[in-house]
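Peer 1: Position 241 of the sequence shown, counted from 1, bears residue number 241 in UniProt numbering, the numbering being contiguous throughout.
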Amino acid sequence: MSFITNLTHKSWTSMKMRFSKSNPEKKLFTPGPLVCSQSVKEAMLRDLGSRDGEFINVVKLVRQKLLDIAEVSPEEFTAVLLQGCGTYAVEAVFQTCTPRHGGRALILANGAYGKRMKKICDTCGIPSDMFEFPEDGIVDVAKVKELLEKGVQYALVAVVHCETSTGSINPVEELGQTIKQYQPQAAYLVDAMSSFGAVPVKIQNGQIDYLVSSANKCLQGVPGFSYVIARKSELFKCRGNSRSLSLDLADQYEGFEGNGQFRFTPPTHTLLGFLQALQEFQEEGGVNGRAKRYKQNCTVLQRGMEELGFCKLLSRECGGYIITTYHYPNHPNFNFEEFYCKLCQLGQLIYPGKLSNANCFRIGNIGDLYPSDMKYLLKCIGKVLDAMDVPVPVPVPAPICLCVA
Ligand SMILES: Cc1ncc(COP(=O)(O)O)c(C=O)c1O
Numbered sequence: 001m002s003f004i005t006n007l008t009h010k011s012w013t014s015m016k017m018r019f020s021k022s023n024p025e026k027k028l029f030t031p032g033p034l035v036c037s038q039s040v041k042e043a044m045l046r047d048l049g050s051r052d053g054e055f056i057n058v059v060k061l062v063r064q065k066l067l068d069i070a071e072v073s074p075e076e077f078t079a080v081l082l083q084g085c086g087t088y089a090v091e092a093v094f095q096t097c098t099p100r101h102g103g104r105a106l107i108l109a110n111g112a113y114g115k116r117m118k119k120i121c122d123t124c125g126i127p128s129d130m131f132e133f134p135e136d137g138i139v140d141v142a143k144v145k146e147l148l149e150k151g152v153q154y155a156l157v158a159v160v161h162c163e164t165s166t167g168s169i170n171p172v173e174e175l176g177q178t179i180k181q182y183q184p185q186a187a188y189l190v191d192a193m194s195s196f197g198a199v200p201v202k203i204q205n206g207q208i209d210y211l212v213s214s215a216n217k218c219l220q221g222v223p224g225f226s227y228v229i230a231r232k233s234e235l236f237k238c239r240g241n242s243r244s245l246s247l248d249l250a251d252q253y254e255g256f257e258g259n260g261q262f263r264f265t266p267p268t269h270t271l272l273g274f275l276q277a278l279q280e281f282q283e284e285g286g287v288n289g290r291a292k293r294y295k296q297n298c299t300v301l302q303r304g305m306e307e308l309g310f311c312k313l314l315s316r317e318c319g320g321y322i323i324t325t326y327h328y329p330n331h332p333n334f335n336f337e338e339f340y341c342k343l344c345q346l347g348q349l350i351y352p353g354k355l356s357n358a359n360c361f362r363i364g365n366i367g368d369l370y371p372s373d374m375k376y377l378l379k380c381i382g383k384v385l386d387a388m389d390v391p392v393p394v395p396v397p398a399p400i401c402l403c404v405a
């Protein structure tokens, strides 16, 4: 008999209690999953059916509110929700919005999430080119213009707004204007996963056709679904393109418009949590209110880390206020695994780096986090450095070149 089937209800309950006692609440300084408010979690303590009128109304409301936040009209745009994490929605756009024959995609990449788009295309057999920029900078509009002038015709051009692998913010509005000037036939996809709701983007001004994000980012819901703000006139051209049934965005849209339902089992609890999260978003003052708090969090973090001697990867011009990347200190006693684990024991979860050729770690400040949380994290970092016998201010590493080969 297996370990699980052998457990009585009593021993299972006592194991769970011991587990939660030894693992108290943690603060997540990561780009997701991230800390959600108690009220968002409590809003999920109900069961609704997928065909239940109440649930269908929740879906309708969420779709409308997403368009309001994006500041686009329901005549021109629609919000398509999709079960699964953010990558599902990015992949759904590539699947749906590149024609089966002859549709080529261009990816403008300056980090891991741009590169993931290339991997999506390669996996799905979508012909694509990736134009790479250094990871410690932003996508250069002038260079993109030169490339687009060369005349390869693209069906889709894609870029990440906040490249969460570093925290850099790409100029998506300027890029969109350039793309549409030189390649008006191309649809324009912006992955705004870690920025939507906290870093303003003018979809109309940037001529964006598809903007992707997910529930558990700056709108502070729990993980479980992603969404695409899609220009209807573009989406309507894409019927029948997708090589995947579950990731067919056009079909998913038809489902919502037909009977208001998800085509397949919906994440009902996640949607209930998200509706509450949207109310809290509104109460905080929408995009401006959320941006204000995240900027405060980021300022406290960056000042404190500077005092501890840590060195940021990005210059002020490239970095936003979502997540900050730091170089490892140049000291033999510093070991990231140990640093991470010791912080974790104090209930503070940070994030490893995601760079191709530099030793870095990341600290996010999005989610239900406040300046007092950032101050406490800094205190814990000081304690852990002391325990590891790493002197403060920490010795800085020699500069590293992150140029594209
Ligand atoms: C910019 C960006 N794109 C894509 C993703 C992938 O999202 P997920 O991990 O939800 O699939 C992330 C995740 O943090 C991200 O930050």
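Glycine included, every Cβ here is placed at the ideal spot set by N, Cα and C.
Short check: CB of residue 270 to CB of residue 192, under 8 Å?
Peer 2: Against a cut-off of 8 Å, the Cβ pair of residue 192 and residue 270 comes out as no contact.
Peer 1: Could you tell me which residues DSSP puts in a beta bridge with residue 348?
Peer 2: 27.
Peer 1: Under 8 Å, with one C-beta from each stretch per pair, do the region 227-244 and the region 84-100 reach the 3-pair mark?
Peer 2: Contact between the region 227-244 and the region 84-100 is present, because at least three Cβ pairs lie under 8 Å.
Peer 1: Roughly how many angstroms separate the alpha carbons of residue 381 and residue 26, rounded to a whole number?
Peer 2: Their backbone Cα atoms lie some 15 Å apart in a straight line.
Peer 1: Hey, is residue 130 close to ligand 1, as in C-beta under 7 Å from one of its heavy atoms?
Peer 2: Answer for residue 130: no, Cβ out of range of ligand 1.
Peer 1: Quick check on the DSSP output: what are the complete alpha helix (DSSP H) runs of length 4 or more inside the region 50-104, in order along the chain?
Peer 2: Within the region 50-104, the complete alpha helix (DSSP H) runs of at least 4 residues are 53-70 and 86-97.
Peer 1: Which runs of the beta strand (DSSP E) at least 3 residues long sit entirely within the region 189-277? Give them in chain order.
Peer 2: Taking only runs of at least 3 residues, the beta strand (DSSP E) segments lying wholly in the region 189-277 are 210-214 and 225-231.
Peer 1: May I ask you to report which of helix, strand or coil DSSP gives residue 295?
Peer 2: Correct three-state label for residue 295: helix.
Peer 1: Identify the residues that DSSP records as bridge partners of residue 130: which are they?
Peer 2: The partner list for residue 130 (beta bridge, DSSP) reads 107.
Peer 1: Considering only C-alpha positions, which residue in the set 165, 179 and 338 is nearest to residue 154?
Peer 2: Ranking 165, 179 and 338 by Cα distance to residue 154 puts 179 first.
Peer 1: Using three-state DSSP, classify residue 143 as helix, strand or coil.
Peer 2: Correct three-state label for residue 143: helix.
Peer 1: Who are the near neighbours of residue 62 in its chain, counting only those whose CB is closer than 8 Å to its CB and skipping five residues on each side?
Peer 2: Excluding sequence neighbours, residue 62 sits near 79, 81, 271, 274, 275 and 278.
Peer 1: By how many angstroms is the C-alpha of residue 394 removed from the C-alpha of residue 331?
Peer 2: Each residue's Cα considered, the two are about 8 Å apart.
Peer 1: For residue 409, which of 298, 183 and 287 has the nearest alpha-carbon?
Peer 2: The chain is shown only over 1 to 405; residue 409 falls outside these bounds and no answer can be derived.
Peer 1: What residue from 268, 245, 236 and 177 has the CA that sits closest to residue 257's CA?
Peer 2: Nearest of 268, 245, 236 and 177 to residue 257, Cα basis: 236.
Peer 1: Quick one: give me the first and last residue of the alpha helix (DSSP H) that residue 364 is part of.
Peer 2: Element bounds for residue 364: not the alpha helix (DSSP H) but the beta strand (DSSP E), 360-364.
Peer 1: Are the CB atoms of residue 326 and residue 397 within a distance shorter than 8 Å?
Peer 2: Against a cut-off of 8 Å, the Cβ pair of residue 326 and residue 397 comes out as no contact.
Peer 1: Measure how close the beta-carbons of residue 56 and residue 260 come, nearest whole angstrom, since I'm counting them as under 8 Å.
Peer 2: Confirmed, about 4 Å.
Peer 1: Where do the ends of the alpha helix (DSSP H) carrying residue 112 lie?
Peer 2: Element bounds for residue 112: 112-124.
Peer 1: Should residue 341 go down as buried or exposed, given a rule of 16 or more other Cβ atoms within 10 Å for buried?
Peer 2: That one is exposed.
Peer 1: For residue 123, does the count of other Cβ atoms within 10 angstroms reach 16, so buried, or fall short, so exposed?
Peer 2: Exposed: under 16 other Cβ atoms inside 10 Å.
Peer 1: Tell whether a beta-carbon distance below 8 Å holds between residue 158 and residue 189.
Peer 2: Contact: yes.
Peer 1: Beta carbon of residue 184: closer than 7 Å to some heavy atom of ligand 1?
Peer 2: Checking every heavy atom of ligand 1 against the Cβ of residue 184, none is found closer than 7 Å.
Peer 1: What's the gap between the Cα of residue 161 and the Cα of residue 370?
Peer 2: The straight-line gap from Cα to Cα measures roughly 24 Å.
Peer 1: Suppose you measure from the CA of residue 66 to the CA of residue 229; what does that come to, to the nearest Å?
Peer 2: If I take the Cα positions, the gap works out to 8 Å.
Peer 1: On the criterion of 16 or more Cβ atoms from any shown chain inside 10 Å, does residue 91 qualify as buried, or is it exposed?
Peer 2: Counting Cβ neighbours within 10 Å, residue 91 comes out buried, since at least 16 surround it.
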